[in-house]
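Trainee: Under my numbering, the first residue of the first sequence carries the number 11, and numbering increases by one thereafter.
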Amino acid sequence: MPELPEVETIARSLRDGQGDTPGVVGKTITGVNMYWEGSVETPTASEFKTRIIGQTIQSVGRRAKYFVLTLSEDTLLIHLRMSGDLLVGQAGESLADHIRASFTLDDRWQLAFNNPRKFGRLWLVADTTEQFAKLGPEPFDPALTSSVFWEMLQKRSRQIKPLLLDQGFIAGMGNIYTDEALHLTRIHPLTRANQLTLPQAETLLMNIRLVLEDGIRHNGSSIDWVYRGGDHQNHFKVYDRKGKPCLVCGTPIEKKVVRQRGTHFCPTCQPSPKEEV
DNA sequence: CACGAGACCTGTTCGC
DNA sequence: TGCGAACAGGTCTCGT
Numbered sequence: 011m012p013e014l015p016e017v018e019t020i021a022r023s024l025r026d027g028q029g030d031t032p033g034v035v036g037k038t039i040t041g042v043n044m045y046w047e048g049s050v051e052t053p054t055a056s057e058f059k060t061r062i063i064g065q066t067i068q069s070v071g072r073r074a075k076y077f078v079l080t081l082s083e084d085t086l087l088i089h090l091r092m093s094g095d096l097l098v099g100q101a102g103e104s105l106a107d108h109i110r111a112s113f114t115l116d117d118r119w120q121l122a123f124n125n126p127r128k129f130g131r132l133w134l135v136a137d138t139t140e141q142f143a144k145l146g147p148e149p150f151d152p153a154l155t156s157s158v159f160w161e162m163l164q165k166r167s168r169q170i171k172p173l174l175l176d177q178g179f180i181a182g183m184g185n186i187y188t189d190e191a192l193h194l195t196r197i198h199p200l201t202r203a204n205q206l207t208l209p210q211a212e213t214l215l216m217n218i219r220l221v222l223e224d225g226i227r228h229n230g231s232s233i234d235w236v237y238r239g240g241d242h243q244n245h246f247k248v249y250d251r252k253g254k255p256c257l258v259c260g261t262p263i264e265k266k267v268v269r270q271r272g273t274h275f276c277p278t279c280q281p282s283p284k285e286e287v
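Structure, rendered in structure tokens:
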């Protein structure tokens, strides 16, 4: 579930509240239930609990696919990885089937970390420099102009799809939005980054922003049991459309594995680069 | 530096 | 219907 648009959507709902559920900003963490201690990356689970209790949530933000909760003393970072979700409800309520940790807020509400596959992690740190050191630019950073982006691509010989998934190259892209952006731009996923032309780089950056904005506008994509709320899954043009006609040219969409990830593309709109096949 | 494979985990869906 | 295999939105580490 969680690529940039889903993380952004959840971050906004945590900030602004949703229906009868209030936002979490301004609330104080009055208790912690840790159901799976492996959730905590740093510090130790017991230190995490001791240190976080009593801190007030001052803001909720996002960097790459991390939630950034600024607390009175520390910063709480949350990464959902493949199957996580964050839910707010009344304290004591059972919000989902795989809650690994929950935070009581003002003795009355709770913020729950649901994480079926246990890949997601929590960090409580005084300073986020270490965690964020290797991240590439945010896709919406105005400093990321098309010429900067093209120069970044020119320096890399990797295949474009795995490169876009690399959070150190650009932050926030995941499997769905990468396939969508490449399809829109008519670039084959195995094309070498440094083979792209300047116009292609410009269009690719524009389309990366477009697919992410569309995802956010639809409140993210809901697939399987993990995340409900968004409906961007109804707007996919290639992802999860294997065998179905390309919406541009009608050719059946193909799916192949690239670096262990299911990769969808239109063989007509996105012709193979020369050396590959 | 680039790449493939394997790990980390659990739940759902697919194929026979 | 049943059962194992394959697959899933992410990222890290190791060996080549």
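The beta-carbon is built from N, C-alpha and C at its ideal position, and this holds for glycine as well.
Here the structure is a predicted model, which means the values were calculated and not measured.
Please return the same chain residues whose Cβ sits closer than 6 Å to the Cβ of L214, not counting the five positions on each side in sequence.
Mentor: What you label residue 214 is simply residue 204 of the first sequence in a count that begins at 1. Contacts found: T195.
Trainee: Pull up the DSSP beta-bridge partners for G272, would you.
Mentor: The residue given as residue 272 occupies position 262 in the first sequence. V267.
Trainee: Which runs of the beta strand (DSSP E), 3 residues or longer, sit entirely within the stretch 72–159?
Mentor: Runs of the beta strand (DSSP E) inside the stretch 72–159: 76–81, 85–89, 95–100, 109–115, 119–124 and 131–135.
Trainee: Pull up the DSSP beta-bridge partners for I39, would you.
Mentor: For this step, residue 39 is matched to residue 29 along the first sequence. Answer is L115.
Trainee: For the stretch 80–100 against the stretch 131–140, are there 3 or more C-beta pairs whose distance is under 8 Å?
Mentor: Result yes; three or more Cβ-Cβ pairs closer than 8 Å.
Trainee: Which residue's Cα is closest to the Cα of R110: K254, D250, R269 and R127?
Mentor: As a working mapping, residue 110 is identified with position 100 in the first sequence. With distances taken between Cα atoms, R110 lies closest to R127.
Trainee: Give the straight-line distance between the Cα atoms of T66 and R25, rounded to the nearest whole angstrom.
Mentor: Residue numbering aside, residue 66 sits at position 56 when the first sequence is read from its first letter. Residue numbering aside, residue 25 sits at position 15 when the first sequence is read from its first letter. Each residue's alpha carbon lies about 13 Å from the other.
Trainee: So for V258, helix, strand or coil by DSSP?
Mentor: Along the first sequence, read from residue 1 onward, the residue named residue 258 stands at position 248. DSSP places V258 in coil when its eight states are reduced to three.
Trainee: Could you tell me the alpha carbon to alpha carbon distance between P199 and D151, rounded to whole angstroms?
Mentor: Against the first sequence, residue 199 aligns to sequence position 189. Against the first sequence, residue 151 aligns to sequence position 141. Taking the straight line from one Cα to the other gives about 24 Å.
Trainee: Name the residue from V248, G230, I233 and T155 whose alpha carbon lies nearest to the alpha carbon of E190.
Mentor: Mapped onto the first sequence, residue 190 falls at position 180. Among V248, G230, I233 and T155, the Cα nearest to that of E190 is on V248.
Trainee: Since F275 and L208 are thought to touch, with beta carbons under 8 Å apart, how far apart are those beta carbons, to the nearest angstrom?
Mentor: Within the first sequence, residue 275 is the residue found at index 265, counting from 1. Within the first sequence, residue 208 is the residue found at index 198, counting from 1. So it is not a contact: roughly 22 Å between Cβ atoms.
Trainee: Output needed for K220: all residues of its chain with C-beta closer than 8 Å, excluding positions within five of it in sequence on either side, in chain order.
Mentor: In the first sequence, residue 220 corresponds to position 210, counting from 1. According to the sequence as given, residue 220 is Leu; it is not Lys. Here the set comprises A191 and L194.
Trainee: How many angstroms separate the CA atom of L97 from the CA atom of A122?
Mentor: By one-based count along the first sequence, residue 97 stands at place 87. By one-based count along the first sequence, residue 122 stands at place 112. Computed Cα separation, rounded: 5 Å.
Trainee: Where do the N-terminal and C-terminal ends of the beta strand (DSSP E) with T19 fall, by residue?
Mentor: The residue labelled residue 19 in the question sits at position 9 within the first sequence. Element bounds for T19: not the beta strand (DSSP E) but the alpha helix (DSSP H), L14 to D26.
Trainee: With distances taken Cα to Cα, identify the nearest neighbour of L145 among S49, D241, R168 and L173.
Mentor: Along the first sequence, read from residue 1 onward, the residue named residue 145 stands at position 135. Cα-wise, what sits closest to L145 is L173.
Trainee: With DSSP run on the structure shown, which of helix, strand or coil describes M162?
Mentor: Looking up residue 162 in the first sequence gives position 152. In the structure shown, M162 sits in a helix (DSSP, three-state: H, G or I).
Trainee: For S231, name the three-state secondary structure that DSSP assigns.
Mentor: As a working mapping, residue 231 is identified with position 221 in the first sequence. In this structure, S231 counts as coil in the three-state DSSP scheme.
Trainee: Got a sec? Which residues, its chain only, sit under 8 Å from S282 by beta carbon, not counting five neighbours each side?
Mentor: Counting from one through the first sequence, the residue named residue 282 turns up at place 272. Cβ neighbours of S282 beyond the five flanking positions: H198 and L200.
Trainee: Tell me the DSSP secondary structure of K284 in three-state form.
Mentor: Stepping through the first sequence from its first residue, residue 284 is reached at position 274. Three-state result, K284: coil.
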